[in-house]
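Chemist:
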Amino acid sequence: MASSIFKSLRRSTAVFSSSPFLNQISSASSPLKTCGCLQMQKKSSFSNAATEDRERRRGREDEENDDIPTEGISRPMSEILKQLNKKVPDSLISVRSENGFSIKYIPWHIVNRIMNLHSPEWSGEVRNVTYSPDGKSVTVVYRVTLHGTDAEIYRESTGTALLEEKGFGDAVQKAEGMAFRRACARLGLGLHLYHEDMS
């Protein structure tokens, strides 16, 4: 009984697939959702659209990856130092007043970005944090290390900030930022500003 039902189904399917009615449905302007053939065509078009969308996204990701600065990767130390010793544009320099004098400096986050651009392999660490005996100031020792293909060098410097009641944590951060900038200056980054202050 079951085999006869399957045979009749196969015959009706064969007749339907060879029927001219199917061609009329396929060429009709209004899609017929009950037709399995049209549903397959829809799925195919959706699949193509999804594939194209994935390719567009992949293309955008490739473009974004191209924007990631990698010029400093695997470079000789001489090239890294040459780039770091270039004059920093005035647009990246800030000015602060201290004891009646105007002092030019490069904010720590700008220094960080310049280091990432020209020497992505650089590393930094706080070597020491010391509070003054009177509890009024804190001094931070910071080390910056450059890693080239042919050498590895580091420079250390200090930064000191006054401890205030409201800014206990901020004083340590200020001292660290100052020490970081000075250590980078010892490698050449923004060193020209110190010469300008002396002139």
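Numbering (UniProt numbering), first residue to last: 1 to 199.
Where a beta carbon is used, it is the ideal one built from N, C-alpha and C, also for glycine.
Quantities reported herein were computed from a predicted structural model and do not represent experimental measurements.
Is the beta carbon of Val140 less than 8 Å from the beta carbon of Glu176?
Modeler: Yes, the pair counts as a contact, with Cβ atoms nearer than the cut-off.
Chemist: What does the alpha-carbon distance come out to for the pair Gly190 and Asp134?
Modeler: One C-alpha to the other measures close to 33 Å.
Chemist: Quick check on the DSSP output: the alpha helix (DSSP H) that includes Glu79 runs from which residue to which?
Modeler: Here the alpha helix (DSSP H) through Glu79 covers 77-84.
Chemist: CB Thr158 to CB Ala171, shorter than 8 Å?
Modeler: No; because the gap between Cβ atoms is not below 8 Å, this pair is not in contact.
Chemist: By a C-beta neighbour count over all protein chains shown, 10 Å radius and 16 as the cutoff for buried, is Tyr131 buried or exposed?
Modeler: Tyr131 is exposed by the Cβ-count criterion.
Chemist: Taking 8 Å as the cut-off, decide whether the C-beta atoms of Arg96 and Tyr105 are in contact.
Modeler: Cβ atoms of Arg96 and Tyr105: closer than 8 Å.
Chemist: Here's a check: name, in chain order, each residue in its chain whose Cβ is nearer than 8 Å to the Cβ of Lys87, leaving out the five neighbours to either side.
Modeler: His192.
Chemist: To which residues of the same chain is Trp122 closer than 6 Å at the C-beta, ignoring the five residues directly before and after it?
Modeler: Taken in chain order, the residues that qualify are Met115, Leu146.
Chemist: Starting from Ile110, trace the alpha helix (DSSP H) in both directions and tell me its first and last residue.
Modeler: Here the alpha helix (DSSP H) through Ile110 covers 108-118.
Chemist: According to DSSP, simplified to helix, strand and coil, what is Leu92?
Modeler: Leu92: helix per DSSP, three-state reduction.
Chemist: Specify the secondary structure class of Pro174 as computed by DSSP and reduced to three states.
Modeler: Reading the sequence as shown, one finds Lys at residue 174 and not Pro. Helix at Lys174.
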